[in-house]
Amino acid sequence: HVVVGILINGFSNKGLMRDAVRFFLKAIDGGLEPNLVMFNTLIEGFCRVGKIEDALKIFKQIQANNLFPDVITYTAIMKAIADKKMSKMALNIFFQMIKQGFIPDAVSYCALIDGFCKQKKIADGYKVFDMMIRSGLLPDTATYNVLLNGLFREGRLEEVSQLFHQLSKRGAKVDVITYNTMINGYCCANKIGEALKFYEDMKAKRMEPSIVTLTILTDAFCKHRRMDEALQMFNSMLDNGPLPNVVTYSCLIDGYCKAQDIRSAYDLYDQMVEGTVSPNIITYSSLVHGFCREGRLDEASLVFQYALDRGLMPD
RNA sequence: CUAGAUGAUCAAGCUCU
């Protein structure tokens, strides 16, 4: 069962839902008794690619197989619905779930709160947060990370720093994602200086900056056309790790294009093609856009063709 | 006795709001 589950998850994670389902059905044909983990994996896979209808079809199959959904099942579906900007409906499902006797855990609360925060309905997010506390759950770091992010989105920087400083008092540990959230929030608010303070702070606390941390900063430098500093960040990643990934490269390529230095952008692209980090459709989109902006349409078409040659799907 | 598969929070382009 576990091996089959792992394989379904493998297909699912790559967005190959057709293969995931085909494999699942074949295993059943061979006499396998499906279990809830497999159904949940399929549901989450469909949800991740936005195919809620298909997810619900699988959901019905759970009962048809004399199994019962659990909190994980519901959370995956709630998140998918919230991602479609329908947090109200997600909340209804949440209540349904409770009516049916399931006890939501911190993960399901967090998913709901995040949905509201991302739709700039932080007041509703806080209502769910209050429900969470009333239910006796202690909000964890992830919950606070979601709230910090929501406050940033609304420009409520004063409350951000208050909350950040209360975290330990409230019994939540500050983790790398908390710092990344702070750094990214300040970068988006055009306060790179403040962001860099948190970057230093995290290092002083012996917390390892992640690939995301460094990419946030690289991108911020790029967006401010501070390409020297962006490149410095990038080189330090090559030297000391964590190694840049496709997102890091794409930030730089886009930055160079917009700084009208297509030459450097294209050099980086070459490095990718020759190296181990494959460009994706976003990388190509930045390059194509860069060439178009300069009126270099032939090169734009050529690069576009390269993307197709690599089997990438233009969106 | 113990281990292995499923759900939440952070980063990139374009478009739309």
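Here the first sequence is numbered in my numbering, starting from -6 and rising by one per residue. A virtual CB, placed ideally from N, CA and C, is assigned to each residue, including glycine. Remember, predicted model here, so these are calculated numbers, not experimental data.
Nonlocal neighbours in the same chain, by C-beta distance under 6 Å from residue i, ignoring five residues either side
{"i": "V30", "result": "G(-2)"}
{"i": "Y67", "result": "M90"}
{"i": "P307", "result": "none"}
{"i": "I255", "result": "G283"}
Supposed close pair residue i, residue j - CB separation, criterion 8 Å
{"i": "S128", "j": "G108", "result": "At roughly 18 Å, the Cβ-Cβ gap does not stay under 8 Å, so S128 and G108 are not in contact."}
{"i": "I21", "j": "A13", "result": "So it is not a contact: roughly 13 Å between Cβ atoms."}
{"i": "G248", "j": "C215", "result": "3 Å"}
{"i": "C110", "j": "K72", "result": "In fact, because the Cβ distance is near 13 Å, the residues do not count as touching under 8 Å."}
{"i": "A69", "j": "E46", "result": "With 8 Å as the limit, A69 and E46 do not qualify as a contact, their Cβ atoms being about 14 Å apart."}
Proximal residues to residue i (C-beta, below 7 Å), its chain only, five neighbours per side dropped
{"i": "Q54", "result": "F32"}
{"i": "V205", "result": "N173"}
{"i": "S257", "result": "Y249"}
{"i": "K113", "result": "R146, E147"}
{"i": "L365", "result": "The question about residue 365 has no answer, for the chain in this structure spans -6 to 308."}
heavy atom of the ligand MG below 6 Å from residue i C-beta
{"i": "Y299", "result": "Judged by which ligands are present, the structure shown has none, so any question about the ligand MG falls away."}
Rounded separation between residue i and residue j - CA only
{"i": "G23", "j": "V169", "result": "45 Å"}
{"i": "M220", "j": "N273", "result": "22 Å"}
{"i": "V42", "j": "N238", "result": "22 Å"}
{"i": "Q253", "j": "D263", "result": "18 Å"}
{"i": "T171", "j": "K251", "result": "30 Å"}
{"i": "F61", "j": "F284", "result": "54 Å"}
{"i": "V312", "j": "L49", "result": "This structure cannot speak to residue 312, because the chain is shown only from -6 to 308."}
Beta carbon of residue i nearer than 7 Å to that of residue j
{"i": "E147", "j": "I176", "result": "no"}
{"i": "T241", "j": "T208", "result": "yes"}
{"i": "A83", "j": "I96", "result": "no"}
{"i": "D133", "j": "A99", "result": "yes"}
{"i": "A57", "j": "C103", "result": "no"}
{"i": "I106", "j": "G118", "result": "yes"}
{"i": "L35", "j": "I51", "result": "yes"}
{"i": "S101", "j": "V64", "result": "yes"}
Own chain, CB closer than 8 Å to residue i, minus 5 neighbours either side, in chain order
{"i": "F297", "result": "Y277, V281, P307"}
Tell me, please, whether the region 113 to 131 touches the region 152 to 161 by the rule of three or more beta-carbon pairs shorter than 8 Å.
Flag = no, the region 113 to 131 and the region 152 to 161 do not touch.
Are the region 186 to 195 and the region 217 to 235 in contact at 8 Å, needing three or more beta carbon pairs?
Judged by Cβ distances under 8 Å, the region 186 to 195 makes no contact with the region 217 to 235, as fewer than three pairs qualify.
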